[in-house]
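Worksheet: one structure, shown below.
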Amino acid sequence: MWTRSRRLPALSSCGIARSAGTFDDCAPYGGEEWNWENCRRYLYEPATYHDDRHDRSEELAYIGAGGPISVSHPDLVPEIAGFRNALTQAWTSKGGGLTEDVHNGTMRCLWKCTTSIYNGKRSSSWMYLEGKKNATVLSKTNSKRLLIDEVTKKCIGVEVLLPTKLLMLSGIGREVDLAKFNIKPIVDSAQVGQNLLDHPILAHVFRLEYGNGLDHHLLRAGLEHDAAVSAYRWKNKGPYASGLLELVGLPRIDDRFMQYPEYIAAKEANGGLHPFGPAGQPHSEIDFVPMHPLGRRRPDDWRRDEAKIKEDYPWPMPRTSDAAMDKMILERSQKGFHPCGSARMGRNIEQGVDDGNLRVFGVEKLRVIDASIIPVTPDCQIQNSVYMIAEKVPHPIVNRMVQ
């Protein structure tokens with residue numbers, strides 16, 4: 004058995020789903036079974052939601068359906084209450100809204116995160132393996148080829164596998180690519196390894212007013228650090244129990260876009276629809292981490308005094324020059340390590356690598372079940388979508404086995 008990637012992920016932000024529109028955009032590839040209404044229940048199955056303090060809406064209980072991963076709204080760290088309150092005030096002063104629920108298909112406003120940290124302890128997909136005596140994880144192991152009968156083109160003993168590299172090493176891919184490495188083709192599948200999608204990330208740092216970050220509590224020796232260590236050691240509380248990411252901004256900036264002729268032309272060419280998020284998706288995800296060097300990504304016209312934000316770090320951004328900003332963004336931007344699409348599903352082998360049931364075209368008894376099958380990049384962290392895929396696909400298989 005192969006795990007879905009090189010490691011079992013431990014990201015604490017798996018509680019965020021994605022916009023309904025990006026699910027509906029998958030239907031032309033995998034069929035209506037992959038639209039929002041037919042996927043949403045599987046987004047909630049991996050988790051169990053905890054609200055021990057009963058300070059959240061009871062309606063949020065739906066985001067956890069008894070799964071193995073504990074999620075909660077974590078204790079807000081009092082040490083950064085000043086930054087949190089000032090940032091909220093700055094956000095609302097610019098007309099931004101606040102929300103508790105981004106799990107219902109609408110991702111908008113400033114959101115206090117749910118995370119996979121509960122009682123100061125993080126849980127992750129390794130929770131699925133607890134008590135599973137029939138599952139073995141082979142660490143430090145590389146699989147170089149699938150066992151496929153060349154006559155029947157039937158895969159032996161595999162239902163879950165790693166992404167497209169393993170397919171190509173096994174002879175499933177574009178013949179022109181396989182020939183470069185003297186790999187004998189089994190299935191000429193034109194979309195294998197193509198259509199790679201990822202999120203662009205622009206990390207940016209501002210200096211905060213002293214006392215509004217967690218540097219002294221987590222990074223530097225002193226009384227604050229000693230207190231933080233003690234609080235976690237004895238009660239699983241304090242800064243060390245935090246995932247550091249408490250606030251996420253999910254803005255729409257349609258009015259600002261209308262100031263640019265290039266955008267207006269692009270919108271007209273798109274039939275009058277917004278070319279960046281026509282179904283109401285947020286234009287960006289802004290993660291506010293009040294600790295150097297991870298503070299990143301915020302709109303630049305907020306009231307800095309209110310948000311206790313000082314100058315850029317380590318050098319100013321050239322905001323007065325479009326050309327200089329383009330150069331800086333190209334130099335500083337990076338990928339988000341949220342890859343998908345390279346084994347996307349499709350209606351046929353010309354459109355995708357696998358069908359709506361994630362069965363690889365041209366090979367029997369072989370499925371791809373991981374992020375690579377997603378044909379339209381999610382508008383957020385992809386981890387919850389990957390859990391959803393892993394929950395959704397086995398249901399019809401199990402039902403057939405029961406019958």
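Residue numbers (this note's numbering): 4 to 406.
Ideal placement from N, C-alpha and C gives every residue a C-beta, glycine not left out.
- Three or more C-beta pairs closer than 8 Å, one from the stretch 333-340 and one from the stretch 359-371: is that the case here? no
- Task: Would you check if the distance between the CB atom of residue 211 and the CB atom of residue 345 is smaller than 9 Å?
- Result: As a working note, residue 211 is residue 208 in the sequence shown. As a working note, residue 345 is residue 342 in the sequence shown. In this structure, residue 345 does not lie closer than 9 Å to residue 211 by Cβ.
- Could you work out which residue in 43, 32, 180 and 284 is closest to residue 395 when comparing CA atoms only? Locating residue 395 in the sequence shown gives position 392, counting from the first residue. Selected option, being the one with the closest Cα: 43.
- Query: Under three-state DSSP, which class holds residue 308?
  - Reply: As a working mapping, residue 308 is identified with position 305 in the sequence shown. Confidence is the limiting factor: at residue 308 the pLDDT is only 49, short of 50, which leaves the residue's position unreliable and the question unanswerable from this model.
- Short check: CB of residue 342 to CB of residue 201, under 9 Å? Taking the first residue of the sequence shown as position 1, residue 342 is located at position 339. Taking the first residue of the sequence shown as position 1, residue 201 is located at position 198. Contact: yes.
- Looking only at its own chain, which residues have a Cβ that is under 8 Å from the Cβ of residue 328, when we skip the five neighbours before and after it? The residue you call residue 328 lines up with position 325 of the sequence shown. Correct list, in chain order: 320, 321 and 322.
- To the nearest angstrom, report how far apart residue 21 and residue 154 are at their CA atoms. Sequence index remark: in the sequence shown, residue 21 carries index 18 (1-based). Sequence index remark: in the sequence shown, residue 154 carries index 151 (1-based). Spanning the two alpha carbons is a distance of roughly 42 Å.
- Within 10 angstroms of its Cβ, does residue 60 collect 16 or more other Cβ (buried), or is it exposed? For this step, residue 60 is matched to residue 57 along the sequence shown. With fewer than 16 neighbouring CB atoms inside 10 Å of its own CB, residue 60 falls in the exposed class.
- Who does residue 204 pair with in a DSSP beta bridge? Within the sequence shown, residue 204 is the residue found at index 201, counting from 1. Paired residues: 337.
- Query: Counting only runs that start and end within the stretch 58-86, where is the beta strand (DSSP E) found for 3 or more residues in a row?
  - Reply: Qualifying beta strand (DSSP E) stretches, in chain order: 72-75.
- Item | Limits of the beta strand (DSSP E) - the one that residue 114 falls within | Locating residue 114 in the sequence shown gives position 111, where the first residue counts as 1. First-last of the beta strand (DSSP E) with residue 114: 112-115.
- Check whether the Cβ atoms of residue 249 and residue 80 sit closer than 9 Å, and answer yes or no. Position 246 of the sequence shown, counting from 1, holds the residue named residue 249. Position 77 of the sequence shown, counting from 1, holds the residue named residue 80. Yes. Within cutoff.
- Cα-Cα separation, residue 245 to residue 380: The count along the sequence shown starts at 1 and reaches residue 245 at position 242. The count along the sequence shown starts at 1 and reaches residue 380 at position 377. For residue 245 and residue 380, the distance between alpha carbons rounds to 28 Å.
- Query: In whole angstroms, what separates the C-alpha of residue 258 from that of residue 111?
  - Reply: Position 255 of the sequence shown, counting from 1, holds the residue named residue 258. Position 108 of the sequence shown, counting from 1, holds the residue named residue 111. If you take the alpha carbons of residue 258 and residue 111, they lie about 15 Å apart.
- Item | Outcome for residue 391 when other beta-carbon atoms lying within 10 angstroms are tallied against a minimum of 16 | Stepping through the sequence shown from its first residue, residue 391 is reached at position 388. Under this definition residue 391 is a buried residue.
- Item | Paired residues, beta bridge with residue 376 - DSSP | Here residue 376 corresponds to residue number 373 of the sequence shown, with the count starting at 1. Residue 376 pairs with nothing; no bridge assigned.
- Within this structure, are the beta carbons of residue 82 and residue 288 separated by less than 9 Å? For the purposes of this step, residue 82 is taken as residue 79 along the sequence shown, with counting starting at 1. For the purposes of this step, residue 288 is taken as residue 285 along the sequence shown, with counting starting at 1. Their beta carbons are not under 9 Å apart, which means residue 82 does not touch residue 288 by this criterion.
- Message: Is the separation between the beta-carbon of residue 121 and that of residue 74 shorter than 9 Å?
- Response: Numbered from 1 along the sequence shown, position 118 holds the residue referred to as residue 121. Numbered from 1 along the sequence shown, position 71 holds the residue referred to as residue 74. Taking 9 Å as the Cβ cut-off, residue 121 and residue 74 qualify as a contacting pair.
- Query: Under 9 Å, do residue 377 and residue 357 count as touching if we go by C-beta distance?
  - Reply: If you number the sequence shown from 1, residue 377 lands on position 374. If you number the sequence shown from 1, residue 357 lands on position 354. Contact flag unset, no.
- Give the DSSP bridge partners of residue 124, in chain order. By one-based count along the sequence shown, residue 124 stands at place 121. According to DSSP, residue 124 bridges with 121.
- Out of 66, 373, 99 and 331, point me to the one whose CA is closest to residue 254's CA. Start at 1 with the first residue of the sequence shown, and residue 254 comes out as number 251. Considering only alpha carbons, the answer is 99.
- Message: Check for me: the alpha helix (DSSP H) holding residue 131 runs from which residue to which?
- Response: Here residue 131 refers to the residue found at position 128 when the sequence shown is read from its first residue. It is not in any alpha helix (DSSP H) - residue 131 carries neither H nor E in the DSSP assignment.
- Message: Here's the rule I'm using: 16 or more other beta-carbon atoms within 10 Å means buried, otherwise exposed. How should residue 184 be labelled?
- Response: Translated into positions along the sequence shown, residue 184 becomes position 181. Counting other Cβ atoms within 10 Å of its Cβ, residue 184 stays below 16 and is therefore classed as exposed.
- Would you verify that the beta carbon of residue 224 is, or is not, closer than 9 Å to some beta carbon of chain C? The chain labelled as chain C is not found in the depicted structure, where only one protein chain is given.
- Locate the alpha helix (DSSP H) running through residue 179, then write down its first and last residues. Position 176 of the sequence shown, counting from 1, holds the residue named residue 179. It spans 178-182 - the alpha helix (DSSP H) in which residue 179 sits, taken as one unbroken run.
- Buried or exposed: residue 57, going by 16 or more other Cβ atoms within 10 Å of its Cβ? For the purposes of this step, residue 57 is taken as the residue at position 54 of the sequence shown. Exposed, since its Cβ has fewer than 16 Cβ neighbours within 10 Å.
- Query: Under a three-way DSSP split, which group does residue 398 fall into?
  - Reply: Taking the sequence shown and counting its residues from 1, one reaches residue 398 at position 395. Residue 398 falls in the helix class under three-state DSSP.
- On the three-state DSSP scale, how would you describe residue 316? Taking the first residue of the sequence shown as position 1, residue 316 is located at position 313. Three-state DSSP puts residue 316 in a strand.
- Since residue 251 sits in a beta bridge, which residues does DSSP pair it with? Position 248 of the sequence shown, counted from the first residue, corresponds to residue 251. 114 and 290.
- Message: For residue 357, list the residues DSSP reports as bridge partners.
- Response: The residue given as residue 357 occupies position 354 in the sequence shown. Its beta-bridge partners are 348 and 363.
- Task: Compare the C-alpha of residue 27 against each of 283, 316 and 362 and name the closest.
- Result: Taking the first residue of the sequence shown as position 1, residue 27 is located at position 24. Ranking 283, 316 and 362 by Cα distance to residue 27 puts 283 first.
- Query: Got a sec, what are the start and stop residues for the alpha helix (DSSP H) residue 277 sits in?
  - Reply: The sequence position of residue 277 within the sequence shown is 274, counting from 1. Here residue 277 belongs to no alpha helix (DSSP H), and DSSP marks it neither H nor E.
- Item | Cβ-based burial, residue 268 [other Cβ within 10 Å; buried from 16] | As a position in the sequence shown, residue 268 is number 265, starting the count at 1. Flag for residue 268 reads exposed.
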